Every structure is written in C-alpha cells, then in structure tokens.
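Trainee: So for the sequence shown, the UniProt record's numbering puts the first residue at 1; every next one is plus one. Note that the Cβ used here is the ideal one computed from N, Cα and C, for glycine as well. Fair warning: this is a prediction, and the values are worked out from it, not measured in the lab. My questions all concern the structure below.
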Amino acid sequence: EYIDEYEAIKAKGIEGIYVVAVNDQAVVNGWKEKLASNTIHFLADDQGKFTSATGLIFDATPSPRSKRYVMIVKNNHVASLAVEDDPSKVTVTSAKMILTALSFMF
C-alpha cells in the first residue's frame, strides 16, 4: 500500500519512508529487494535496541518483534505516532490514514 501511495506521500512533504524491522540485515535486504528496492528504505534493528528504546517492541516468542506503527518525524521530533493495537491488522497505520493525517500536519 505504501509503495502504491509513495508519490502521494512524498507530495505531502515527506522526505523518506523507512521500514524498521527487528530482524537481521540479510532478511531485511531480502524484503527490500522483493518489495521496494528504490523507493522505501529498510533498516535492520537486529537486536531490537531502537524498537525497545521507543517502547514499540512486543514479545512474539521465541523472538521479540516490533509493533506495527507509523512514526512521522518533523524537524527531528516525533510529530505523530500511530500504533496498531493488533499487529496482524492494518487500520491506523494504513497509507490512506497516514495521508489523511499528513493533510493536517504539513
């Protein structure tokens, strides 16, 4: 969905879209190549340090994982944070919802 809405999101003043995954670099690179090699940046948080520090980690035994979220950063500050209650659902983090939020922010 974000790949399809990439240009619309950029048109709202967003400089980059980043995916942070609690996984190793090889897996994250595989996702990047398969999904969005040139448009979206993929970052591996292999030990979950960033995700833990932001309070967005959850126990998905046997390994910790990241909650599904969208963080909008403006002028080096978190301007908006949308977090899914159920990590298997895409509601408040959908590209459509984020585009609506961006309309009020920029």
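(1) Where DSSP assigns a beta bridge to L81, which residues make up the other side?
(2) With a CB to CB cut of under 6 angstroms and the five nearest residues on each side skipped, what residues in its chain are close to V28?
(3) Within 10 angstroms of the Cβ of T93, are there 16 or more other Cβ atoms? Answer buried if so, exposed if not.
(4) For the alpha helix (DSSP H) that contains Y18, what are its first and last residues?
(5) I need the DSSP call for I57, collapsed to helix, strand or coil.
(6) Since I3 and L35 should fall inside the 8 angstroms C-beta cutoff, what is the C-beta to C-beta distance between them, to a whole number of angstroms?
(7) Do S80 and residue 114 come within 7 angstroms of each other at the CB atom, strictly closer than that value?
(8) In the DSSP assignment, find the alpha helix (DSSP H) that holds A36 and state where it starts and stops.
(9) Going straight from the alpha carbon of A8 to that of A53, what length do you get?
(10) Cutting at 6 angstroms between CB atoms, please list the residues of its own chain near V83, excluding the five before and the five after it.
(11) Which residues in the same chain have their Cβ closer than 8 angstroms to the Cβ of A101, if we skip the five residues on either side of it in sequence?
Mentor: Once the coordinates are examined:
(1) Its beta-bridge partners are M71.
(2) A21, F42, A44
(3) buried
(4) Secondary structure note for Y18: it is in no alpha helix (DSSP H), and the uninterrupted beta strand (DSSP E) holding it is 18-21.
(5) strand
(6) 7 angstroms
(7) No answer is possible for residue 114: the residues shown for the chain start at 1 and end at 106.
(8) Note, A36: premise wrong, no alpha helix (DSSP H); not H, not E.
(9) 30 angstroms
(10) K67, Y69
(11) I72, S80, A82
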